[in-house]
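See structure below.
Number of protein chains: 2
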Amino acid sequence: MASHILIHNGTVLTMETDRPVIENGWVMIQNHRIQQLGTGALPGVAGHGRVIDAGGGIIMPGLVNAHIHAPMSMFRGLADDLPLDVWLNAHIFPAEARQVNPDSVARWTRHSCHEMLLSGTTTCCDGYFFETEVARAMATTGIRAVAAQGVIDFPAPGVPDPQENVRHAIDHVTAVKELGSRITPSIFCHSAYTCSSKTLVAGKDAARDAGVLFQIHAAEVKHEPEMIKENNGESVIQYLDRLGILDKQTLVAHGVWVDETDLTILARCNTPVVHCPESNMKLASGIAPVPKMLGAGVQVALGTDGCASNNDLDMFSEMGTAAKLHKVACMDPCVMDAKTCLTMATMGGARALGMDREIGSLAPGKKADIIVVDTAKPHMQPMHNPFSGLVYSAKSSDVSWVIVDGIVRVAGGKLA
Amino acid sequence: MASHILIHNGTVLTMETDRPVIENGWVMIQNHRIQQLGTGALPGVAGHGRVIDAGGGIIMPGLVNAHIHAPMSMFRGLADDLPLDVWLNAHIFPAEARQVNPDSVARWTRHSCHEMLLSGTTTCCDGYFFETEVARAMATTGIRAVAAQGVIDFPAPGVPDPQENVRHAIDHVTAVKELGSRITPSIFCHSAYTCSSKTLVAGKDAARDAGVLFQIHAAEVKHEPEMIKENNGESVIQYLDRLGILDKQTLVAHGVWVDETDLTILARCNTPVVHCPESNMKLASGIAPVPKMLGAGVQVALGTDGCASNNDLDMFSEMGTAAKLHKVACMDPCVMDAKTCLTMATMGGARALGMDREIGSLAPGKKADIIVVDTAKPHMQPMHNPFSGLVYSAKSSDVSWVIVDGIVRVAGGKLA
Chain A
92 MASHILIHNG
102 TVLTMETDRP
112 VIENGWVMIQ
122 NHRIQQLGTG
132 ALPGVAGHGR
142 VIDAGGGIIM
152 PGLVNAHIHA
162 PMSMFRGLAD
172 DLPLDVWLNA
182 HIFPAEARQV
192 NPDSVARWTR
202 HSCHEMLLSG
212 TTTCCDGYFF
222 ETEVARAMAT
232 TGIRAVAAQG
242 VIDFPAPGVP
252 DPQENVRHAI
262 DHVTAVKELG
272 SRITPSIFCH
282 SAYTCSSKTL
292 VAGKDAARDA
302 GVLFQIHAAE
312 VKHEPEMIKE
322 NNGESVIQYL
332 DRLGILDKQT
342 LVAHGVWVDE
352 TDLTILARCN
362 TPVVHCPESN
372 MKLASGIAPV
382 PKMLGAGVQV
392 ALGTDGCASN
402 NDLDMFSEMG
412 TAAKLHKVAC
422 MDPCVMDAKT
432 CLTMATMGGA
442 RALGMDREIG
452 SLAPGKKADI
462 IVVDTAKPHM
472 QPMHNPFSGL
482 VYSAKSSDVS
492 WVIVDGIVRV
502 AGGKLA
Chain B
92 MASHILIHNG
102 TVLTMETDRP
112 VIENGWVMIQ
122 NHRIQQLGTG
132 ALPGVAGHGR
142 VIDAGGGIIM
152 PGLVNAHIHA
162 PMSMFRGLAD
172 DLPLDVWLNA
182 HIFPAEARQV
192 NPDSVARWTR
202 HSCHEMLLSG
212 TTTCCDGYFF
222 ETEVARAMAT
232 TGIRAVAAQG
242 VIDFPAPGVP
252 DPQENVRHAI
262 DHVTAVKELG
272 SRITPSIFCH
282 SAYTCSSKTL
292 VAGKDAARDA
302 GVLFQIHAAE
312 VKHEPEMIKE
322 NNGESVIQYL
332 DRLGILDKQT
342 LVAHGVWVDE
352 TDLTILARCN
362 TPVVHCPESN
372 MKLASGIAPV
382 PKMLGAGVQV
392 ALGTDGCASN
402 NDLDMFSEMG
412 TAAKLHKVAC
422 MDPCVMDAKT
432 CLTMATMGGA
442 RALGMDREIG
452 SLAPGKKADI
462 IVVDTAKPHM
472 QPMHNPFSGL
482 VYSAKSSDVS
492 WVIVDGIVRV
502 AGGKLA
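So the protein lines, in turn, are chains A and B.
Residue numbering for the first sequence is 92 to 507, as defined by this note's numbering.
Residue numbering for the second sequence is 92 to 507, as defined by this note's numbering.
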């Protein structure tokens, strides 16, 4: 028997091109999917169905956080305001060696998923070690996720022998495929300076063979090209292109230090980039040229990065920062308008993960990944424009309801 | 009979130099002032006293928002992502002409004060028109405020004849002095490009005669020197210095386009600057050289600016943005550490407003302007460092208790 949920009494932001805003709207969910959207008179709900009153707020797609390291919430605030090498070598790496194990990874992954659900993120894209444990922990929380096993040419948590790193990732992909459709496996080669060309190619080949997303940190820091032993004076993007790694199923995290040639390559290869403005600011990595990326036709998603470098998983804050950072960086208040930023955090993320047929907007037949944002508090009034309201004024604590895959995960601002 | 409030079971951040953190601490309030701070065993509370359990959170001074235009919350989200001249001339100025009157100013000032109190701001520094109405509205909410009548050489709301602008401000100062000690009057000459040198000098003379703070927007936009008719190729700061306007009772809002000569002048004159990073980013004004200001010995406070250009009054968000923005602008993750940002938002603001003997830190004898920040939610755990937690992870919605002048204004996250 079909299970229905009707969400009503709100402004529906569909994030669809042809009907972006439905005033006084409603959304009907049947089982895991959106059945219908409308305005005015409400459709009937079968006896056992649930009715959610959005209280005049905003009904919109759940947010997609396209770059996280979920277990790293255990290191939130452990070491801030430090030079990058001190932060990594004196704090994060030793803490990882000490604290990262299957149990801690599972515990802090659940913690991060709770943080994400409470703040309106319904899909996240993760990469870390012990990732099969991460994926299992994510599955228990109800979030939708891409879970990538990390690959690096050094001994790593759970992978003492680097020779086994790609094989380990392949085993992870196989294991996660059994977890069900909400959790999708992926392979994450850490970077071009911590993986040899052989590892990068083997990792990408394995991802391609399995039909899953391949991820890599690239062009995050200015001196990255010099850190890559095997490149010939190329940019990182040129190097990855030469290795045959860039296609639409490769996700580039950061892309801060990219020039116009790099952008042309990324656009030609249909390779999406995840923009992580707050992490890039906090670590002083630089400012990714996102308006130029969008102008060059590169798909851009938005991510928070891990809690060790942000220090939260708050996509509302990330949208607001993205909007404001590029305005001042370009000295142009018109770039990165509110709708562009909201698109990055919804459809942009869905496209980057290859999930845009299923999530990222509200349309009949799509998965029911839906959030309600309360607009009653003083900082959300008056509401002249819902896109502005969400990007420039909303806090993640305004998220009152979160539904993933047709299941209520946050009700009245609390975990269900 | 003395009224006592005891706040206990929290980490006390005093923001005092000699004892910045008290673990497992408590604060005893007697009437309007802090009587005592301590750790461990609790002092007795007289029968009619109130005991507030901080629930293991952070007990700290209320935040000081040193630059706002409170009534402008009525224009929140009205016009975003536009060129500055279109934003001002096609949207804000016409909306002001249409909507700004004594009633709307009072209504939206109360609204803004509620937003500020709920988000942990206990003192604000305002400038607008119909400011006596603003001050009266503020007084009803319990917030501590500096309320400055705007002075501009054009017809303005409530001041149709610009010839009367300074006289009007003087009348305002007289009227507000009757409102009681929580609301302090001030005079705000809009800028050096909208006020003649004669108006600037008259405004400053009036403020000096009354012993009140003089405020001015200065060096906010790059081409400001060219907009000032009467300067001789000077910077704005040099021009204001030549007019004799800069001293410790003049507060410069923004200070984005200042060079080292300007910083030397500001330091010599003990003139504080209010840094408004989010407004400067959103309007694409530029990035104020705050680390250089602090290095030159300039006092720096933090402000949100008005809701038309931010679009909120959230000092937690502003602290986090300040910390991250300057790291990336300087390409140095060590600048603007969490404690520096928290100091700007507390003692920095108190000093800028000439109130540092009364507010800005927790010490016996100081006014009881105190907030409690809940640290139980997932995004605040683990708590390795309270300064990092407050600046990089806390949301203003984590503020659970707000006390101003010894009176509870927010209880359990709701207006009392």
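Backbone N, C-alpha and C fix where the C-beta goes; we use that ideal spot for every residue, glycine too.
As the structure is a computational prediction, the values presented were derived from the model and not from experiment.
At the level of alpha carbons, what is the spacing between residue i and residue j?
| i | j | result |
| --- | --- | --- |
| residue 493 of chain B | residue 393 of chain B | 19 Å |
| residue 117 of chain A | residue 141 of chain A | 13 Å |
| residue 168 of chain B | residue 367 of chain B | 18 Å |
| residue 305 of chain A | residue 102 of chain A | 37 Å |
| residue 353 of chain B | residue 384 of chain B | 10 Å |
| residue 192 of chain A | residue 239 of chain A | 16 Å |
| residue 197 of chain B | residue 200 of chain A | 47 Å |
| residue 127 of chain A | residue 478 of chain A | 22 Å |
| residue 310 of chain B | residue 132 of chain A | 54 Å |
| residue 125 of chain A | residue 445 of chain B | 58 Å |
| residue 251 of chain A | residue 265 of chain A | 20 Å |
| residue 377 of chain B | residue 313 of chain B | 8 Å |
| residue 161 of chain B | residue 358 of chain A | 45 Å |
| residue 164 of chain A | residue 484 of chain B | 11 Å |
| residue 502 of chain A | residue 489 of chain A | 12 Å |
| residue 286 of chain B | residue 329 of chain B | 16 Å |
If you follow the alpha helix (DSSP H) that residue i is in, where does it begin and where does it stop?
| i | result |
| --- | --- |
| residue 371 of chain A | 368-373 |
| residue 294 of chain A | 288-301 |
| residue 208 of chain A | 193-209 |
| residue 440 of chain A | 440-443 |
| residue 419 of chain A | 406-421 |
Can you list, in chain order, the residues of its chain with a C-beta nearer than 6 Å to that of residue i? Leave out the 5 residues immediately preceding and following it.
| i | result |
| --- | --- |
| residue 290 of chain B | 244 |
| residue 504 of chain A | 491 |
| residue 436 of chain A | 154, 393, 406 and 410 |
| residue 156 of chain B | 212, 215, 394, 395 and 406 |
| residue 337 of chain A | 331, 360 and 362 |
| residue 416 of chain A | 368 |
| residue 500 of chain B | 208, 233, 493 and 507 |
| residue 339 of chain A | 361 |
| residue 294 of chain A | 242, 257, 278 and 280 |
| residue 148 of chain A | 101, 463, 464, 465 and 466 |
Does the beta-carbon of residue i have 16 or more other beta-carbons within 10 angstroms, so that it is buried, or is it exposed?
| i | result |
| --- | --- |
| residue 407 of chain A | buried |
| residue 194 of chain A | exposed |
| residue 220 of chain B | buried |
| residue 206 of chain B | buried |
| residue 119 of chain A | buried |
| residue 110 of chain B | exposed |
| residue 273 of chain A | buried |
| residue 139 of chain B | exposed |
| residue 320 of chain A | exposed |
| residue 254 of chain A | exposed |
| residue 389 of chain A | buried |
Tell me which residues share the same chain as residue i and place their Cβ nearer than 8 Å to its Cβ, disregarding the 5 neighbours each side in the sequence.
| i | result |
| --- | --- |
| residue 333 of chain B | 325 |
| residue 315 of chain A | 282, 283, 284, 309, 327 and 348 |
| residue 97 of chain A | 117, 118, 119, 120, 133, 134, 136, 140, 141, 142 and 143 |
Taking the continuous beta strand (DSSP E) assigned at residue i, which residues delimit it?
| i | result |
| --- | --- |
| residue 157 of chain A | 154-159 |
| residue 114 of chain A | 112-121 |
| residue 226 of chain B | Here residue 226 of chain B belongs to no beta strand (DSSP E); instead the alpha helix (DSSP H) covers 222-232. |
| residue 305 of chain A | 304-309 |
| residue 128 of chain A | 124-130 |
| residue 181 of chain A | Residue 181 of chain A -> no beta strand (DSSP E), and no H or E assigned at all. |
| residue 433 of chain A | Where residue 433 of chain A is concerned, there is no enclosing beta strand (DSSP E), although the alpha helix (DSSP H) it sits in stretches over 429-434. |
Can you name, in chain order, every residue of its own chain whose Cβ lies under 7 Å from the Cβ of residue i, other than the five neighbours on each side?
| i | result |
| --- | --- |
| residue 482 of chain B | 410, 411, 414, 429, 432 and 433 |
| residue 400 of chain B | 370, 373 and 374 |
| residue 129 of chain B | 116 and 117 |
| residue 260 of chain B | 240, 242, 278, 294 and 297 |
| residue 422 of chain B | none |
Taking only runs of the alpha helix (DSSP H) that begin and end inside the segment 334-399 of chain A, which ones reach a length of at least 4 residues, in chain order?
As far as the segment 334-399 of chain A is concerned, its whole alpha helix (DSSP H) runs of at least 4 residues are 351-359, 368-373 and 381-386.
Along the chain, which unbroken stretches of the beta strand (DSSP E) at least 3 residues long are found entirely within the segment 236-286 of chain A?
Assignment of beta strand (DSSP E) within the segment 236-286 of chain A, counting only whole runs of 3 or more residues, yields 274-282 in chain order.
Which runs of the beta strand (DSSP E) spanning at least 3 residues fall entirely within the segment 463-492 of chain A, listed in chain order?
Taken in chain order, the whole beta strand (DSSP E) runs of length 3 or more contained in the segment 463-492 of chain A number zero.
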